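Numbering (UniProt numbering), first residue to last: 1 to 140. The beta-carbon is built from N, C-alpha and C at its ideal position, and this holds for glycine as well. Since this is a predicted model, take the numbers as computed values, not measurements. The structure appears right after this line, and notes come after that.
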């Protein structure tokens, strides 16, 4: 469980840059929910990390801007009864968020023109539809 967090490819967040907090969970757990600290908060300082290069760090800060508080990204997990499973869920969630934030932007769409045949099909379908509706109308 403890150790570096593998995000994707060669990007690995060192264990020292991850901050863990545990508290009582409001989720499932029966009577044990009142005595065990099964809720997990995993914090990662995106602004001060050494795991990301300058370009990836800038991209992550821009894309995660609404989720960051003073440059720190926090993920919580409390859906499982055990602290260990919540820790695993929080790690997976954080890795997914970071991977999405540093992903390269999608390729730009190349504008294309509809073919003449597709334009004709669309117009003939519209004409057919309007004819049907016109024939439904009664003579008033």
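Counting the other CB atoms within 10 Å of its CB gives residue 39 a total of 16 or more, which places it among the buried residues. Contact between residue 73 and residue 5 is ruled out by a C-beta separation of about 12 Å, above the 8 Å threshold. Here residue 45 is bridged, per DSSP, to 72.
Counting the other CB atoms within 10 Å of its CB gives residue 80 a total of 16 or more, which places it among the buried residues. Collapsing the DSSP output to three states places residue 136 in a helix. Residue 61 and residue 76 have their C-alpha atoms some 19 Å from each other. Residue 91 sits buried, since 16 or more C-beta atoms from the chains shown fall within 10 Å of its C-beta. The DSSP-derived three-state label of residue 58 is helix. A distance of 8 Å or more separates the beta carbons of residue 47 and residue 13. Taking a C-beta distance under 8 Å as the contact criterion, residue 103 and residue 7 do not qualify as a contact pair. Secondary structure note for residue 5: its beta strand (DSSP E) is the uninterrupted segment 5-8.
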